[in-house]
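Participant:
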Amino acid sequence: MVNTKLMFERAYLGKYAIGAFNVSNMEIVQGIAQAALKTNSPIIFQVSPGAIKYAGLKFLVVLVKTAIKESGIEAALHLDHGDSLKLCKECVDAGFTSVMIDGSSLSFEDNVELTKCVVDYASFKGVSVEGELGRLCGAEEHIGGHDSSYTDPVQAKEFIKRTKVNSLAVAIGTSHGINKFGLETEPSLRFDILEEISRLCTGLPIVLHGSSSIMEKEVSEISKYGVNLKKARGIPEHILRKAASSAVCKINIDSDLRLAMTLSIKKFMHENPNNFDPRFYFKAARESVTDLVKQKIVNIFKSENRNNYN
Ligand code: G3H
Ligand code: 13P
Ligand code: ZN
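In this note's numbering, the protein residues as written are 2 to 311.
#1: Compute the Euclidean distance between the alpha carbons of G326 and K54, then round it to the nearest angstrom.
#2: Report the three-state DSSP secondary structure of E185 (helix, strand or coil).
#3: Would you check whether the ligand G3H has a heavy atom nearer than 6 Å to the C-beta of D255?
#4: For F277, does the count of other Cβ atoms within 10 angstroms reach 16, so buried, or fall short, so exposed?
#5: At 3 residues or longer, and completely inside the stretch 69-142: list those beta strand (DSSP E) runs for me, N to C.
#6: Can you tell me whether F234 is helix, strand or coil according to DSSP?
#7: On a Cα-Cα basis, can you pick out the residue from E28, G174, S124 and G183 that is closest to I266?
#8: Compute the Euclidean distance between the alpha carbons of V65 and Q31, then round it to the nearest angstrom.
#9: Pairing CB atoms from the stretch 214-229 with CB atoms from the stretch 273-288, are three or more of them under 8 Å?
#10: Measuring only between beta-carbons, confirm whether E28 sits less than 7 Å from chain C.
#11: Under the criterion of a Cβ to heavy atom distance below 6 Å, does S212 qualify as lining the ligand 13P?
#12: Under DSSP, the alpha helix (DSSP H) around L293 begins and ends at which residues?
#13: So, is Y310 buried or exposed, given that buried needs 16 or more other C-beta atoms within 10 angstroms?
#14: Given R136, which residues of its chain have a CB within under 6 Å of its CB, disregarding the five upstream and five downstream residues?
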């Protein structure tokens with residue numbers, strides 16, 4: 002298990018990105034590890050405060066550590082959207098190699114202050130820190146075009162100078178969940194802002210949250226089983242590909258995993274109505290995670306064969 006420093010340095014220079022996938026149970030962890038192993042790719046397992054509440058911090062640490070040890074892949078265990086110094090400290094002490102402190106809802110000064118405290122604690126222990134500046138918005142806000150949500154490149158430069166974070170999550174038009182754009186708008190990201198941030202902050206690994214693609218095929222397939230996600234719209238793959246070849250070194254995916262797993266379980270149950278053994282439908286779900294992660298590594302992130310532990 003490594004921190005993200007070298008991983009990002011190589012991704013930055015090599016113009017590829019590392020996939021950061023949210024985990025909350027054993028099957029997701031195993032499915033991701035298998036994909037990383039098969040593609041010989043570095044990977045980031047990340048857990049949100051919600052996942053910690055669901056599974057327990059100790060369970061998640063053991064699951065991820067075991068998966069990494071068994072597969073021999075180069076991987077980091079990262080806290081996603083850490084919401085307090087206390088939680089960041091707990092995760093550092095529990096063996097995480099990277100933490101995010103999300104102060105994006107605070108004022109600039111308060112965000113700097115909180116992020117600095119986390120960096121002080123984590124860097125002493127060799128743990129990387131991701132900060133966030135700018136506010137990710139929902140589809141409604143995209144339609145309204147609230148520019149104030151986007152990351153200000155000049156502020157970003159000051160933020161990294163003052164906090165010394167290892168990476169920065171930025172708001173350039175992505176958003177969390179399955180409804181990222183209104184149905185009548187063409188999905189797009191503010192690459193002009195991204196370029197300005199990377200110009201002003203040379204060498205800074207940039208993080209994109211809210212980067213699931215919510216593929217039409219899956220949305221249409223899951224509708225056959227009664228799940229109505231009609232307004233669902235994600236970030237098109239070609240846009241993510243472009244981002245992955247820039248200073249973006251980490252791309253966060255959660256919703257696509259949820260969709261793939263749920264679809265595979267619904268499908269399995271529909272096709273095998275009398276099978277009530279969880280090992281069968283969780284196996285199908287685990288395989289769907291592996292397929293999804295492999296596809297993203299190979300076609301979008303381009304981190305295949307970048308495992309540094311060869
Ligand atoms: O960015 C947030 C992740 O998708 C985690 O979601 O808070 O429901 O675990 P969650
Ligand atoms: P999605 O909801 O687009 O998968 O984003 C996940 C994320 O940003 C986790 O931090
Ligand atoms: Zn996020």
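For each residue, glycine too, the CB sits at the ideal point set by N, CA and C.
Facilitator: Looking at the atomic coordinates:
#1: Because the chain spans 2 through 311 in this model, residue 326 falls outside it and cannot be assessed.
#2: Counted from its first residue, the sequence shown places residue 185 at position 184. Secondary structure at E185: coil, using DSSP grouped into helix, strand and coil.
#3: Walking along the sequence shown from the start, residue 255 turns up at place 254. Correct: D255 has its Cβ closer than 6 Å to the ligand G3H.
#4: As a first step, residue 277 is located in the sequence shown; it is residue number 276 there, counting from the start. Taking all protein chains in view, the Cβ of F277 is surrounded by fewer than 16 other Cβ atoms within 10 Å, so the residue is classified as exposed.
#5: Complete beta strand (DSSP E) runs here, min 3: 76-83, 99-102 and 129-134.
#6: For the purposes of this step, residue 234 is taken as the residue at position 233 of the sequence shown. Per the sequence shown, the amino acid found at residue 234 is Arg instead of Phe. When DSSP states are grouped into helix, strand and coil, R234 belongs to the strand group.
#7: As a position in the sequence shown, residue 266 is number 265, starting the count at 1. Answer by Cα proximity: E28.
#8: As a first step, residue 65 is located in the sequence shown; it is residue number 64 there, counting from the start. As a first step, residue 31 is located in the sequence shown; it is residue number 30 there, counting from the start. Cα to Cα, V65 sits roughly 8 Å from Q31.
#9: By the Cβ rule, the stretch 214-229 does not count as touching the stretch 273-288, because fewer than three pairs are nearer than 8 Å.
#10: Protein chain content of the structure displayed is limited to a single chain, and chain C is not contained in it.
#11: Here residue 212 corresponds to residue number 211 of the sequence shown, with the count starting at 1. In this structure, the ligand 13P has a non-hydrogen atom nearer than 6 Å to the beta-carbon of S212.
#12: Working through the sequence shown from its first residue, we reach residue 293 at position 292. It spans P279 to K297 - the alpha helix (DSSP H) in which L293 sits, taken as one unbroken run.
#13: The count along the sequence shown starts at 1 and reaches residue 310 at position 309. Y310 is exposed by the Cβ-count criterion.
#14: Within the sequence shown, the letter at position 135 stands for residue 136. Answer for R136: S105, S150 and A172, listed in chain order.
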